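J.:
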Amino acid sequence: MNRFAYYTPLVLLGVLAVYFAAGLGRDSQTLQSVLINQKVPEFSLQPIEGATKGLSSADLKNQVVLVNIFGSWCDSCRIEHPFLMELKEKNIVPVYGIDWREVNRQAGPRWLKKFGSPYTLIGDDPKSRGAIAFGVTGAPETFFVDKQGVIRYKHMGPITEQNWNDTLKPILDELRKQ
Amino acid sequence: MIVETGHFALILALFVAALQGTLPMIGAHRRDQALMAIAAPAALIQLALVIVAFAALTYAFVTSDFSVLNVVQNSHTDKPMLYKISGVWGNHEGSMLLWALILSLYGGAIAAFGKNLRPSLKVRVLGVQSLIATGILAFILLTSNPFTRVVPAPINGNSLNPLLQDPGLAFHPPLLYLGYVGLSITFSFAVAALIEGRVDAAWARWVRPWTLAAWGFLTAGISLGSWWAYYELGWGGWWFWDPVENASFMPWLAATALLHSAIVSEKRDSLKSWTIFLAIIAFGLSLLGTFLVRSGVITSVHAFASDPTRGVFILLLLVVTIGGAFALFAWRGPSLKGSGLFQPISREGGLLLNNFLLTVAAASVLLGTLYPLFIDVLELGKVSVGAPYFESVFIPMMIPMLMVMAIAPFLKWKRGDFLGATARLKIALIITIVGGLLTWSIIDRASAFAAFGMALAIWLFIAVLTELAERIKLFRVPLIESGRRLLRQPRASWGMTFAHAGLAIMVAGMTASSAWRVESIQVMKFGDSVTVGGYTYTLKDVREVPGPNYIATRGTFIVTQSGASGEDDALTLYPEKRTYKTRKMTTTEAAIHPTFLGDLYAVVGDKDEKSGGYVTRIYFNPLVSWMWTGALIMVLGAGISLSDRRHRVGAPAKSKIVPGSVPAE
Amino acid sequence: MKFLAVIFALGLLSAPVGAVEPSEILKDPLLEKRARSISKGLRCVVCQNQSIDDSDAPLARDLRVLVRDRIVAGDSDQAVIDYVVSRYGDFVLLRPPVKAVTLVLWFGPIVIALIGVFGIILFFRRQKKYAAQLEKETKA
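Chains as they are written, first to last, in numbering that gives the first Met the number 0: chain E, 0 to 177; chain A, 0 to 664; chain L, 0 to 139.
(1) Assign residue 0 (chain A) to buried or exposed, taking buried as 16 or more other Cβ atoms, counted over all protein chains shown, within 10 Å of its Cβ.
(2) Determine the direct distance from the alpha carbon of residue 220 (chain A) to that of residue 39 (chain A), and round the result to whole angstroms.
(3) Whose Cβ in chain E lies nearer than 9 Å to the Cβ of residue 57 (chain L)?
(4) Can you pull the chain A residues whose beta carbon is under 8 Å from the beta carbon of residue 100 (chain L), in chain order?
(5) Using a Cβ distance threshold of 8 Å, determine whether the region 138 to 148 of chain A contacts the region 212 to 219 of chain A, with at least three qualifying pairs required.
(6) Select from the region 29 to 44 of chain E all residues with a C-beta closer than 9 Å to any C-beta belonging to chain L, and list them in chain order.
(7) Which runs of the beta strand (DSSP E), 3 residues or longer, sit entirely within the region 605 to 641 of chain A?
(8) Checking contacts by CB at 8 Å: is residue 132 (chain E) closer than that to chain D?
(9) In angstroms, rounded to a whole number, what distance separates the CA positions of residue 8 (chain E) and residue 189 (chain A)?
(10) Chain A beta carbons: is any one of them nearer than 8 Å to that of residue 132 (chain L)?
(11) List, in chain order, every chain E residue whose beta-carbon is nearer than 8 Å to that of residue 338 (chain A).
(12) So the beta strand (DSSP E) residue 142 (chain E) belongs to, where does it begin and stop?
(13) Starting from the N-terminal side, write out each stretch of the alpha helix (DSSP H) that is 4 residues or longer and does not extend beyond the region 385 to 466 of chain A.
(14) Pick out the complete alpha helix (DSSP H) segments inside the region 41 to 113 of chain A, 4 residues or longer, and give them in chain order.
(15) Going by CA-CA distance only, name the one from E:48, E:177, E:163 and E:169 that's closest to residue 83 (chain E).
(16) When DSSP labels each residue in this structure, what does residue 48 (chain E) get in the three-state scheme?
(17) Who are the near neighbours of residue 604 (chain A) in its chain, counting only those whose CB is closer than 6 Å to its CB and skipping five residues on each side?
(18) Please report how far the alpha carbon of residue 266 (chain A) lies from the alpha carbon of residue 336 (chain A), in whole angstroms.
(19) Using beta carbons (cut-off 8 Å, strictly below), is residue 137 (chain E) in contact with chain L?
(20) From residue 247 (chain A) to residue 365 (chain A), what does the alpha carbon distance come to, in whole angstroms?
(21) Who are the Cβ neighbours of residue 471 (chain A) in its own chain at under 6 Å, not counting the five residues just before and after it?
(22) Is it the case that the Cβ atoms of residue 273 (chain A) and residue 285 (chain A) are separated by a distance below 8 Å?
(23) Taking all protein chains shown into account, decide if residue 67 (chain E) is buried (16 or more other Cβ within 10 angstroms of its Cβ) or exposed.
(24) Over what stretch of residues does the alpha helix (DSSP H) that includes residue 19 (chain A) continue unbroken?
(25) So residue 307 (chain A) contacts chain E; which residues on that side make the cut at Cβ distance below 9 Å?
(26) If you follow the alpha helix (DSSP H) that residue 111 (chain E) is part of, which residue opens it and which one closes it?
(27) Please go through the same chain and pick out, in chain order, the residues whose beta-carbon is closer than 6 Å to the beta-carbon of residue 405 (chain A), but skip the five residues on each side of it.
(28) Alpha carbon to alpha carbon, how far is residue 33 (chain E) from residue 91 (chain L)?
(29) Could you work out which residues of chain A lie near residue 5 (chain E), taking near to mean beta carbons separated by less than 7 Å?
(30) So with Cβ pairs under 8 Å, would you call residue 16 (chain E) a contact of chain A?
(31) Once you ignore the five residues that flank residue 85 (chain L) on each side, which residues in its own chain have a CB closer than 7 Å to its CB?
(32) Using a cut-off of 8 Å between C-beta atoms, extract the partners of residue 86 (chain L) located in chain E.
(33) I'd like to know whether the C-beta of residue 321 (chain A) is nearer than 8 Å to at least one C-beta of chain E.
(34) What residues in its chain sit with their C-beta under 7 Å from that of residue 399 (chain A), if we drop five residues either side in the sequence?
(35) For residue 495 (chain A) and residue 12 (chain E), I'd like the C-alpha separation in whole angstroms.
(36) Quick one: which residues of the region 62 to 75 of chain L get their C-beta closer than 8 Å to a C-beta of chain E? List them in chain order.
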């Protein structure tokens, strides 16, 4: 073996170390969406108990809306709830809700009655068909859908005043201009 | 008070390790006897201190001292004593302390038993070992201190994850750590040799027993983990190519290659740089495993809660330790040329092929395990590398290995006679082909691959027996003479026989259980029966049964062999579903009845509200006990080999001149 | 280190049990076989490293039911897989697809093996040269 070959392990270790160092800063858990800039896949959800209209992909057109995945079991959804109410009260942007995987048909409506509903339309999603359409892996997740019904952005985790002002509002404004 | 003593002992141990890692090494360089003499006593003192620390933590767990944060997070007064103790290492901080303990244990063992070691080598080995210890102890004290107190002390703790409250899993980490932390010694030997600039037969002779010990423990630890998964996780799986499983498997592959490479280095003064390289890699892979599990870079069921600061520290440790070793390797490697020459077809050639296949296999598993990280860091998206990848890459490599494993022991050193060797395996080949065809036609015509796997297992097993028969000249001399020869066989060759035979049995078990598993999932009401794998299962009832810290829903199955008469030969199986009070988790305890031909495996699930029955899963897993038995035989082989006086003394044994072998020097 | 400590991902994951429920099983055994086979190759996206066939997470269950619905509706195996991949990406495939980005993964082992073979050939060549040299020296 010539001298060069004996250095290979050291070099390879160095390369590996760089990858590991880079990897340490990253979050291996979050799954980026592959649906960005794709039309929302077709789905159709029944209304929740007590409502007359559900939510389907056909409702997602002509205006920029947020689609929010939530559930009464989801603590982080509770955290973002006041902010979503603000979005509704100040008429900033319509928010459609997907009530994901409730244990019974009353849990969702009860939660909404107790805390208030920030949603213009709500779909009941006991079998995750709505969530799967959006490639959801957890709650809360919020999707920006533009006027053509194309998913333009996915936000994972609760919406707060901070991330709204920093990231999300600019996206909303941009989408509205188009 | 005791906890503080343990804490203090740990800090002292760090200083001792730091001293041990520096002064004696300088002494070896300057031939200063006084400095060199520090090494062995320091190693023993270090061991004693770490034992004190570990004992203190154990005491805290056993007495449920909830003023210690680690105990609060991982224990509870309701836990059975066995799990209070195993809780010590059932968490990140405690398991790192166990890591340090075993590291010091091996160092202490060298100090105590390495009397015949060349002094300069011994000192350097202890030096490198304690430098590693310094790193690990610093890591523990700075980022993962198990002795931190919590004030005010809560009344009770959070308890241990119920999945870990299991006898199999209680012993799994200690065995595993005795394995891959044990590879630190072979690493230290390698680095010491590189520093000295000498890799000779004596060095290889010292290295072998330690590699054997570590390998044996690692085999036991991995198998125990697989066995645990098999009976605990509820559907009979035993290997998932999960990143952390791979992290223990790769050192095993490297250690196996190392074991065999060391033989060539010792007996034939060849493949020396390979042996050194493998020794470095084996421990490097162990450190890599530690990094992967505790840093959060890889998604896995096994990972501890991830903490990037810990990740940075371990990465640094990894880079400095292995990088340093590789740097030495780059410098000294070219001068490690061996004098032993051999033909491609020879026993050395066979062992070289073995090395090659095992190394490529380990590299492939490493590639697959790390690939998702690479792609993620390069922002190329997210990719999963699961079992299908590893199976399609690993299994094809093992096929030639199993084939050659049978032939290589028949080849002579230096220049082997391939045709002669294969001629002696004629009978083995015939039995193999017949066995393979029988398997295919009787059991399963759909899978030629499964039949091939069984054929390989038969091939290896018969070849091992043939080799033994040859050595005792069975049927060529009177039986009594053969018997005498059998008793005179050196233990090291018994070790090989057992290890290879054990592997063959394992391969048969793995093939059968993967290919011919029978599964039946249904809802059963009391009195219903279902037939699986030739046995009829009748669900008698399902009851609630309290346990020490859980409530179990226990089903009762009466099992008879289909076609058998009456309840005389009936078996009763009691699968359970346990709900633990403190953590509100449920675990499944499958009811398993092992037989020679396979396991009867029954699981009771949730109640089906509509029909009033229960979900039941019943499996027949063929030849599963062969896997565990095979593993046990392999570990036994390592033990037998270790008990060979030649290994223990470490000096050349009084050589009996055996024709055909190379004389010892 | 090699340790089974289950991580609760958003409270969705509990102790794993072989997961297909009787109520999910399709009546047609051939279709069910297809469903099991496809499920074994799809990753549970809310779990740490399991297929949807192995996991009892609620989303895994829903995906299993979805797979069966699509099979019953007449989709081919590939169409079912594409359906899920179009929503979750290649990440959901336990057998990584052979694409530009995975070329190194799939061909890496062969390349490593070839390098090894090359090294071994070199090794034996050099051995021969060394042996020839030794012979010359002893003769001289």
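Glycine included, C-beta positions come from ideal geometry on N, C-alpha and C. Note that this is a predicted model, so its numbers are computed, not measured.
T.: This is what the structure holds:
(1) exposed
(2) 29 Å
(3) 100 and 127
(4) 374, 379, 380 and 382
(5) no
(6) 30, 31, 32, 33, 34, 37 and 40
(7) 613 to 621
(8) The structure shown contains no chain D; its protein chains are E, A and L.
(9) 15 Å
(10) no
(11) Those do not exist, as residue 338 (chain A) stays about 16 Å from chain E at its closest Cβ, beyond 8 Å.
(12) 140 to 144
(13) 386 to 406, 417 to 423 and 425 to 437
(14) 68 to 73, 80 to 85 and 91 to 112
(15) E:163
(16) coil
(17) 614
(18) 15 Å
(19) yes
(20) 11 Å
(21) 481, 484 and 485
(22) no
(23) buried
(24) 1 to 29
(25) 23 and 24
(26) 106 to 114
(27) 458, 459 and 462
(28) 11 Å
(29) 328, 329, 332 and 333
(30) yes
(31) none
(32) 33, 34, 40, 131, 132, 133 and 134
(33) yes
(34) 356
(35) 34 Å
(36) 62, 64 and 65
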